[in-house]
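If you read the sequence shown in this note's numbering, its first letter stands for residue 130, the second for the next number, and so on.
One structure is given below, encoded as structure tokens.
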Amino acid sequence: MVQKLDNLKESPSQTAGPYVHIGLTPNFSGITGVYDSDLGAAMLGDAPKGARITITGRVLDGTETPLRDALLEIWHADANGIYPGQDGADADVYGWGRCPTDMDSGTFRFDTIKPGAVQNRDGTPMAPHVTLWIVARGINLGLHTRMYFADEQDANDADSVLKRIEHQVRVPTLMGQPQGDGTYLFDIHLQGPGETIFFDI
Numbered sequence: 130m131v132q133k134l135d136n137l138k139e140s141p142s143q144t145a146g147p148y149v150h151i152g153l154t155p156n157f158s159g160i161t162g163v164y165d166s167d168l169g170a171a172m173l174g175d176a177p178k179g180a181r182i183t184i185t186g187r188v189l190d191g192t193e194t195p196l197r198d199a200l201l202e203i204w205h206a207d208a209n210g211i212y213p214g215q216d217g218a219d220a221d222v223y224g225w226g227r228c229p230t231d232m233d234s235g236t237f238r239f240d241t242i243k244p245g246a247v248q249n250r251d252g253t254p255m256a257p258h259v260t261l262w263i264v265a266r267g268i269n270l271g272l273h274t275r276m277y278f279a280d281e282q283d284a285n286d287a288d289s290v291l292k293r294i295e296h297q298v299r300v301p302t303l304m305g306q307p308q309g310d311g312t313y314l315f316d317i318h319l320q321g322p323g324e325t326i327f328f329d330i
């Protein structure tokens, strides 16, 4: 049973900037000597199981202009669909990464492995996917979305989350497109007709 706490009030939200990069990715921001590398920069150990992939893209505003000050975090299961910390998880797949967008081009890049299918809490299948959290100047609450793999059509058709999306015409906004050589392109649109689906979690 969940305990309801009436004495805790929600505090107002604030934007992530202007110091989000200094605090979360100091090496990227030019502050060296604090950490050898920024937390979340490496997503894999020495011998991960599964197909190595690169996820790249941009975060675009309503005018299709890339945000050059966004920061993204992703998390996902290993190649067998097991999350880090669970029994049988691949110790060389950390399952979590953090990346700021490039200050010139606005692109982000994650080097990881392609995750396996996982089960939802109710036992229904979820297709291979990565979960993303996006923050940037002007975004008051971090945005949550997912990237599915366009080349996993059968698994996507059976996915319990994708089936629940009311406007199925928008499902393609959640698809990472294969570019060859294990690279998937996933542009995140914050506004406009091609706006990416964001989840209220």
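Don't be surprised by glycine CBs; every beta carbon is placed ideally from N, CA and C.
Every value quoted in this text rests on a predicted model; they were computed, and no experiment measured them.
Residues bridged to I182 [DSSP beta-bridge criterion]
T241
Is the CB-CB distance between D336 and R266 below 8 Å?
Any question about residue 336 goes unanswered here, given that the chain covers just 130 to 330.
Does DSSP classify P195 as helix, strand or coil?
Strand.
Could you confirm whether any beta carbon from chain D is found closer than 8 Å to the beta carbon of G210?
Absent here is chain D; the protein component of the structure consists of one chain.
Would a C-beta distance cut-off of 8 Å place Q313 and I182 closer than the cut-off?
At residue 313 the sequence reads Tyr, which differs from the Gln that was named. Yes. Within cutoff.
Taking D231 as the reference, give the member of T325, G252, H150, G323 with the closest Cα.
Nearest to D231 by C-alpha distance, out of T325, G252, H150, G323, is H150.
DSSP state of T274, grouped into three classes?
Note: T274 maps to strand in three-state DSSP.
Would you call the CB atoms of V163 and I263 closer than 8 Å?
no
Mapping the DSSP letters down to three states, classify H150 as helix, strand or coil.
helix
Tell me which residue opens and which closes the alpha helix (DSSP H) that L291 is part of.
Start and end: 289 to 292.
Between the region 172 to 179 and the region 302 to 313, do at least 3 Cβ pairs fall closer than 8 Å?
no
What's the gap between the Cα of M184 and the Cα of C228?
First, the residue type needs correcting, since residue 184 is Ile and not Met in the sequence shown. I184 and C228: Cα-Cα distance of roughly 11 Å.
Would you list the one or two residues that DSSP bridges to P229?
L200
For P195 and M255, the rounded distance between their alpha carbons
30 Å
CB contact flag (A218, G245, <8 Å):
no
Beta-carbon within less than 6 Å of L272's beta-carbon, same chain only, minus the 5 sequence neighbours each way: which residues are those?
I263, F327
Can you tell me which residues form a DSSP beta bridge with I263?
L201, L272
Anyone know if the C-beta pair for R275 and L319 falls short of 8 Å?
no
If you follow the beta strand (DSSP E) that M304 is in, where does it begin and where does it stop?
Segment 304 to 309, the beta strand (DSSP E) holding M304.
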